[in-house]
Each structure stands twice: as structure tokens, then as C-alpha cells.
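Structure, as C-alpha cells:
In my numbering, the protein residues as written are -19 to 269.
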């Protein structure tokens, strides 16, 4: 995947500072330039006037300068650019993403105080971004442990090549093993919940699911033969199992389907919603058909 640049949104908050660290690590590893985007788009309750507003702006500016200096110190050969824009946060980030191939945002998840990269910004950006978007928690820090896996959830029933390409490329670049998860539900073949499971039916379903997963992985394993790849079939609800398996991941990768023929083609599915709100590891959301 030829990457032109990594774009990261920064507003001075702790999650956005973590996003800058993650984005700088990723950009330096590719290597491609890093662009920082700061939009003055305060929430209604954050609007302040006079000296208090000036102090807040000064604080934000200092934090952004700190993020810039830290990225430059950690990666002296990394080309860094960026600046402030008067556009709304969502518009600024989506426009900047068109000039790159990866967008990185900070994320607080569920239950935290309102901020720049909470649902009001992250959700519409992820829903409309045409490039993969990574959400980073504020407690993320660079880790050189190469044993941390990249974990990706796929459904071979849909076109998952963009998701697998992103996952394999990330694992290859970071020297990480790759875990490919496919969730299937044994209960889906029974007409009512109390039906007793037939072991043969379950075995046949598992065999069919594994064959489809092997077929989906074939091209990418041939393209990235040096990436240690583990595949696993899991029976149960998709989101809880992905969150469980991805808790200790370097990166948890999921997809967002583009429903071009529907009235609202950019809706985020329930699984992606769950990953965005509850995952501990950084989450990559990859748009695909």
C-alpha cells in the first residue's frame, strides 16, 4: 500500500496527544510525512470569551507545540507539517484525509467527559472518511514489543480484501504476528433457541467457514509470506468476541461497509460502533464495499 502521508487530528487533549504519538510512530515506520490538523471547533458548552478564552487558546497552542516537538524528537528524520484552520473539525479532518491515506484521531470511548474527538467528531469522520481511520486511547504509548499481534475480524461473505490488505501491511511493517478472526453463530441454523445442537451440523458449518476464510486469506498470505498468520473461528456474538480477543493487540482492525445504494450509505454498523467505544487497543476502521 503506497502511503502518501499520515494525517492526525490534534486539539491539545490527552487522547489527541496520544494520537499524535501513534501517528508519528506509524508515519516514521512507512516512512511518509506526518500532517497535524487543528480545527477551532469548540463545543457549545466550551465557548468562552475574553481573557479566559485566550488562556484556553494559549493552552491548546502550547499542547500542540509540545506534540510537534515530541514527534520531531522521537523521529528526527520525519517530515512534519500542519497548522490551524477555521473550518469545523469534521470538515477539516475529512478534507485533510483526502490528501493522505490514513487518518488518526484520539478517542475517549464511552462514559468520559465531552471533548473534541468524542462522538460529535469521531463518529461522523469515521462514517464519511474514504481512508482507514485509527482511533487511539489516551493511555496508549509506543511499545517496541514485537510479540503484540495485529488482530483483524473479517467476514468472508463480504468483500474483505481492503481490510485484510490493511491488516497484513500493518503486521508486515511492524514485524507483528497477525491473528485473523472469523465469527460464526451455530445458533443461526436453528429455528428456535431451545433446539438441541446437532454436532454434525456444527462440524459441517465450521468446515465451511474455515474453507471460506482460507480462500479469503490465500492471496494475502502469498503476498506477505513473512507475516506469521494465525486464523481462528469463534462461535458467538461478533462484537464481544472481537473486543475480548483484541484486548492485548497492537492494533484491532475492523471494516465499515459502504452501502452505496441505500439512502444513508455512510452508516456505521453495530460491530464497528462497539469497537470504537469499548476497545482498549487502538482501533482501525477500514472502509470497504
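Where is the CB? At the ideal position from N, CA and C, for every residue including glycine.
Cβ-based burial, residue i [other Cβ within 10 Å; buried from 16]
| i | result |
| --- | --- |
| residue 39 | exposed |
| residue 61 | exposed |
| residue 138 | exposed |
| residue 150 | buried |
| residue 94 | For residue 94, the predicted structure reports a pLDDT of 37, less than 50, and the residue's modelled location is therefore unreliable. A value from the coordinates is still provided. Exposed, since its Cβ has fewer than 16 Cβ neighbours within 10 Å. |
| residue 6 | buried |
| residue 49 | exposed |
| residue 183 | exposed |
| residue 219 | buried |
| residue 56 | exposed |
| residue 14 | buried |
| residue -4 | buried |
Residues of its chain near residue i, where Cβ-Cβ distance is below 7 angstroms and the 5 sequence neighbours each way are ignored
| i | result |
| --- | --- |
| residue 190 | 213 |
| residue 129 | 156, 157, 158, 159, 229 and 230 |
| residue 186 | 213 |
For residue i, three-class secondary structure by DSSP
| i | result |
| --- | --- |
| residue 72 | helix |
| residue -1 | helix |
| residue 212 | strand |
| residue 83 | strand |
| residue 17 | strand |
| residue 217 | coil |
| residue 268 | strand |
| residue -15 | coil |
| residue 46 | helix |
| residue 233 | strand |
| residue 251 | helix |
| residue 41 | helix |
| residue 198 | helix |
| residue 223 | helix |
| residue 66 | coil |
| residue 128 | coil |
| residue 106 | helix |
| residue 34 | helix |
| residue 88 | coil |
| residue 258 | helix |
C-beta atoms of residue i and residue j nearer than 8 angstroms
| i | j | result |
| --- | --- | --- |
| residue 162 | residue 135 | yes |
| residue 70 | residue 229 | no |
| residue 58 | residue -13 | no |
| residue 0 | residue 47 | yes |
| residue 17 | residue -16 | no |
| residue 282 | residue 142 | A query on residue 282 cannot be resolved here, the shown segment of the chain reaching from -19 to 269 and no further. |
Spatial neighbours of residue i in its chain, beta-carbon cut-off 6 angstroms, leaving aside the 5 residues before and after
| i | result |
| --- | --- |
| residue 114 | 84, 262 and 264 |
| residue 19 | 65, 67, 69 and 72 |
| residue 192 | 136 |
Same chain, Cβ closer than 8 angstroms to residue i, five either side skipped, listed in chain order
| i | result |
| --- | --- |
| residue 206 | 152 |
Stretch-stretch touch, CB-based, cutoff 8 angstroms, three pairs: the segment 70 to 78 with the segment 250 to 258:
no
* So does the segment 103 to 122 actually touch the segment 195 to 208, counting three or more Cβ pairs closer than 8 angstroms? -> no
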